[in-house]
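Which chain is which? The protein sequence lines are Z, Y, X and U, in order.
Residue 37 in UniProt numbering sits at position 37 of the first sequence; the count goes up by one each step and never skips.
Residue 49 in UniProt numbering sits at position 49 of the second sequence; the count goes up by one each step and never skips.
Residue 236 in UniProt numbering sits at position 236 of the third sequence; the count goes up by one each step and never skips.
Residue 101 in UniProt numbering sits at position 101 of the fourth sequence; the count goes up by one each step and never skips.
Note sheet for the following structure.
There are 4 protein chains.
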Amino acid sequence: MNSLAAVPHHHWVISLVCPDQPGIVHAVSGAIVAARGNITESQQFSSADTGRFFIRLQVESPADRAELEAALAPVIACYDMHATIDVVGRPVRTLVLASSAGHCVNDLLFRQHAGALPVEIPLVLSNHSSLRDLVGFYGVPFESYPITDAASKAAFEARVIEAVEEHDIELVVLARYMRILSPELCERLEGRAINIHHSFLPGFKGANPYKQAHARGVKLIGATAHFVTSDLDEGPIIEQNVVRVDHSRNPAELVAIGQDEESRTLSQAVKWFAENRILLDGARTIIFQ
Amino acid sequence: MNSLAAVPHHHWVISLVCPDQPGIVHAVSGAIVAARGNITESQQFSSADTGRFFIRLQVESPADRAELEAALAPVIACYDMHATIDVVGRPVRTLVLASSAGHCVNDLLFRQHAGALPVEIPLVLSNHSSLRDLVGFYGVPFESYPITDAASKAAFEARVIEAVEEHDIELVVLARYMRILSPELCERLEGRAINIHHSFLPGFKGANPYKQAHARGVKLIGATAHFVTSDLDEGPIIEQNVVRVDHSRNPAELVAIGQDEESRTLSQAVKWFAENRILLDGARTIIFQ
Amino acid sequence: MNSLAAVPHHHWVISLVCPDQPGIVHAVSGAIVAARGNITESQQFSSADTGRFFIRLQVESPADRAELEAALAPVIACYDMHATIDVVGRPVRTLVLASSAGHCVNDLLFRQHAGALPVEIPLVLSNHSSLRDLVGFYGVPFESYPITDAASKAAFEARVIEAVEEHDIELVVLARYMRILSPELCERLEGRAINIHHSFLPGFKGANPYKQAHARGVKLIGATAHFVTSDLDEGPIIEQNVVRVDHSRNPAELVAIGQDEESRTLSQAVKWFAENRILLDGARTIIFQ
Amino acid sequence: MNSLAAVPHHHWVISLVCPDQPGIVHAVSGAIVAARGNITESQQFSSADTGRFFIRLQVESPADRAELEAALAPVIACYDMHATIDVVGRPVRTLVLASSAGHCVNDLLFRQHAGALPVEIPLVLSNHSSLRDLVGFYGVPFESYPITDAASKAAFEARVIEAVEEHDIELVVLARYMRILSPELCERLEGRAINIHHSFLPGFKGANPYKQAHARGVKLIGATAHFVTSDLDEGPIIEQNVVRVDHSRNPAELVAIGQDEESRTLSQAVKWFAENRILLDGARTIIFQ
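Here it is in structure tokens:
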């Protein structure tokens, strides 16, 4: 690595997905060598479920994007790869949707502000106005539009779509946004919208999961970050956490206890997305930590 | 407490359940004082769901059972209490049902043998013969009867009922017994049969939960110990544990990983039962740790 | 309890500590009955280490403080009790000390603001100015005084003492305040100052615990909230949490990972303190959850 | 991969360690291609602390060991690698040392017997006779020699050395063996002896860690599996687990609670060792899970 020290170089993150077969790693690493790269992080996975091979690399190299792409192009073609190439640490343009609860929004904004979350948040959209000051404190534009009927809901979603295009949004985060997205919007955002559900899915889908959890008497409650799909609470799971509770907790206390798990689970999922660590293998996620 | 030191005394565990109202603790503690007792452990819970009050006490006293019962009788009558009085540490007569997997049976027998589980196991019944040697090593009688059809299943259950009476069984433990109990047997054993389910209920009820968990791509797998009811996998939950897994685990590996959680979760539930720490509040359990 | 419903009543929290002996619970519950109280929560502990008995009660009663104190006075005298009587949910006046890191301060302020932490924070004092805006957003006064030498440190501590008296402070929270308090200040604040140490004590005392943790190659890192004493990092432990890490994490990453544990551990400790749930038994804490 | 299906092939595990530099992965994967191998699992790590590069591969190939070694030889020479090549799943010859506590020994033997731990245990040596029956049940030879003085300790250790040679032992497991090994024996077994310490190291080194933990009032207790070195309780840490406890637990209860963590932590460490997943980077371990 010393040989690289004197040359200015970039830090790339590369994800490649293709049908599994022998020789892939050799071919890919050959292209990296050709692009004068040094692999600083590497994870791979061969899926027995789908027969696909997944690899994520971080590579330091003096090569620019054109040179790197040129080196990888024959390999990508030969192995029929789906490839993404990005710069490590580039902030991902993220639209946040919220309602009245502020714990997830606060957690995302604080981490972003502290440099712990590589996202850029050009806008927070909410169907309540209660988070205006908090969002404003972090210098992020905030718009709220009450949702009271089908028309106002459609208008809200139209504004979402507009904002996605206006700000070239790469990720939409539902930070305890309490309205169900329309199937059309779910489809349009597929693979780039993350929701936090306040239960340990697949237990307690739908509304009032903490009330359900209390009624069922579970001993652990949890939170699940997952990709949004039109099949409610059924999207690919990204991250889950649980916390122990006992019989003495009423539903309101479960809500309070669960908020910590919601915040950290959602922020973790967003971080992994922003770092290109999440790949999809059918209905399952591969997380390259 | 020094005043008690010279007198031989007993260690009692007392559970009382009644409609909640002011004055219960004072009345109960008065009876304990009357029975020359010292409270060494005490937990109580007032259920907002059912309006019932639950208290569990451990009491050291030179009084014998008759004296203790006499002291408590007026309080029990006055407050319309359901009461149980037992000796701390008395081994609970436990029948174990098993199939071919040995991890839960091994864990129960090892702990019992090591003095860590206050149960007495007069018999293990299985629909497989594979655990004969393991059970025999611990000096516990073992009987196996293959279940191949309705008749052999009925015969097996008849033997269970017979054994329960023959050995005055207080607790039946389904230690990865892989057959569904008949509704009649479930009802007969209600409140005194504990099952270990190999998922984090209410997720993944029914068969092959690890296969379901793999398909759904959950990030934590778990185990649930619960009372057996005729409503499959819906009985009151006693204890749950989870362990983190990632995308690289296939269903067979999930099975192996989950076994540790199954063993410890079941043994914990059995220990609490044997220590009279589990009370029922509708469909929920109260665990007085 | 219905009989109480029509009368306006208070919710009291009572802590009592005394030498252990039979009859305490009966005497205390008798006083509660006399004060027309209903016990809604109760925990007790008899310490084998020190021979002391600890009880914490929550009591609903139409009685005012004078009536309640009058009812308890004979019991307190008879059993030589140390007693505290407070109102459930009363915000505890809390002074926060900070340096440049904002995660703990943000967590405390957000929770306080959201109604999840029963404290009132009249002032944040810091030896850095970097948190001025954050603290200001929550409407809390903020003062910073750089500490560069012995004199400026003494001046800072003099301001702490002054603020404690000025605001009638009940709790001082060191929210990643990175200066060692003088022995005199430690002594003066004994039992009412909580620090968050960024390691799983007693491992890695002193400076740079994450660097130490990396060098030692531990597989879990943690945080410890403890009472401040003049014996550095040796005060009674209130709460601890850990999180799994692996060999790939460098010290800077451990710092980032550990911050979540620091925030939640400190906030938990502050919450328990504010709810009168922490009692001292020699060098150990009793936490009545 | 279908092309390999008709040919009988082996499953190899390869570990390579060398000074870090660009091109290693390409060179290694080239050798794997040359040996007609398919990489089924791969992890790598570049240590910023020591400048060394670590890679572990699992490779399916019709090649025999000679062909595989021939393919790798030039790469190993060129990059100055330390290499180990083994067959996936080969049972590692393991000598177990024990004292009177049986929980770790039981856990190891049960897992080995159940096919969950790829070790072969030709002998258990103990300074107590109490585990004779348990070990015998699993068909493993057992020898006990009381240690009462320096001479009997030296004789015990001489028998350990003899057994290591006699059975060509690759791993020595101290399964709650309660005697300190002599520095000479520690040195002789360096890198191939694993101990379980009953605390969360580096807290509570030395004797009676649970008593120390109680005195210090920690809120989590733990267990640490580590390589044995002559510097007591200072060897490289392999795995750690903790479990929550509260003020009510006395030292004897902590001992009982901690046993579960000890068993699972030690078994996990042994499993990783047997699967060639542990590499040493100075005083730290790299665990390729």
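In this text, a Cβ means the ideal position worked out from N, Cα and C, and glycines have one as well.
Beta-carbon spacing of residue i, residue j below 7 Å
i, j, result
"LEU171 of chain Y", "LEU97 of chain Y", "no"
"ASP80 of chain X", "SER267 of chain X", "no"
"ASN208 of chain X", "ALA223 of chain X", "no"
"ALA66 of chain X", "ARG36 of chain X", "no"
"ASP86 of chain Z", "VAL13 of chain Z", "yes"
"PRO74 of chain Y", "ALA274 of chain Y", "no"
"VAL25 of chain Z", "SER29 of chain U", "yes"
"ALA225 of chain Y", "ILE180 of chain Y", "no"
"ILE286 of chain Y", "PHE53 of chain Y", "no"
"GLU120 of chain Y", "PRO91 of chain Y", "yes"
"ASP281 of chain X", "THR40 of chain X", "no"
"ARG216 of chain U", "PRO202 of chain X", "yes"
"VAL59 of chain Z", "ILE76 of chain Z", "no"
"PHE142 of chain Y", "VAL124 of chain Y", "yes"
"PHE200 of chain Z", "GLN43 of chain Z", "no"
"TYR138 of chain Y", "HIS113 of chain Y", "yes"
"ILE196 of chain Z", "GLU262 of chain Z", "yes"
"PRO251 of chain Y", "HIS198 of chain Y", "no"
"TYR210 of chain Z", "LEU254 of chain Z", "yes"
Neighbour flag for residue i against chain X, beta carbons, 7 Å
i, result
"ALA6 of chain Y", "With a pLDDT of only 48 at ALA6 of chain Y, under 50, the local geometry of the prediction cannot be trusted, and the value read off the model is given with reservation. No, ALA6 of chain Y lies away from the interface with chain X (no Cβ there is under 7 Å from its Cβ)."
"ASN2 of chain Z", "Because ASN2 of chain Z sits at a pLDDT of 39, beneath the cut-off of 50, its placement in the model cannot be relied upon, and the following sentence gives the value as read from the coordinates. No, ASN2 of chain Z lies away from the interface with chain X (no Cβ there is under 7 Å from its Cβ)."
"ALA116 of chain Z", "yes"
"GLU239 of chain U", "yes"
"ILE147 of chain U", "no"
"residue 300 of chain U", "Lying outside 1 to 289, the shown extent of chain U, residue 300 of chain U is not represented and no answer is given."
Chain U within 7 Å of residue i, Cβ atoms only
i, result
"SER248 of chain X", "yes"
"HIS10 of chain Y", "no"
Contact list for residue i against chain Z, beta-carbon separation under 7 Å
i, result
"ASN106 of chain X", "PHE110"
Within-7 Å CB hit, residue i to chain Y
i, result
"SER29 of chain X", "yes"
"HIS26 of chain X", "yes"
"ASP168 of chain U", "no"
"PHE137 of chain U", "yes"
"PRO202 of chain Z", "yes"
Residue-chain proximity (residue i, chain Z), Cβ-Cβ < 7 Å
i, result
"ILE278 of chain Y", "no"
"SER42 of chain U", "yes"
"GLY23 of chain U", "yes"
"GLU190 of chain Y", "no"
C-beta neighbour in chain A for residue i, strict 7 Å
i, result
"ALA256 of chain X", "Absent from the structure: chain A. Protein chains present are Z, Y, X and U."
Contacts that residue i makes with chain X (C-beta to C-beta distance below 7 Å)
i, result
"SER46 of chain Y", "THR40"
"ILE287 of chain U", "ASP246 and HIS247"
Listed by chain order, chain Y residues near residue i by CB distance under 8 Å
i, result
"VAL33 of chain X", "PRO22, GLY23 and HIS26"
Residue i classed as buried or exposed, judged by whether at least 16 other C-beta atoms fall within 10 angstroms
i, result
"GLU165 of chain Y", "exposed"
"ARG244 of chain X", "exposed"
"LEU68 of chain Y", "buried"
"GLY102 of chain U", "buried"
"residue 309 of chain U", "This structure cannot speak to residue 309 of chain U, because chain U is shown only from 1 to 289."
"THR265 of chain U", "buried"
Cross-chain neighbours of residue i in chain U, by beta carbon under 7 Å
i, result
"ARG264 of chain Y", "ASP260"
"ILE55 of chain X", "Simply none; closest approach about 13 Å."
Partners in chain U for residue i, counting only beta-carbon separations shorter than 9 Å
i, result
"VAL242 of chain X", "PHE200, LEU220, GLY222, GLN240 and VAL242"
Members of the region 212-235 of chain U near chain X, C-beta cut-off 7 Å: ARG216, GLY217, VAL218, LYS219 and LEU220
Residues, ordered as in the chain, of the region 88-106 of chain Y that lie near chain U by beta-carbon distance below 8 Å: GLY102, HIS103 and ASN106
Counting only Cβ-Cβ distances shorter than 9 Å, please list the residues of the region 122-135 of chain X near chain U, keeping chain order. none
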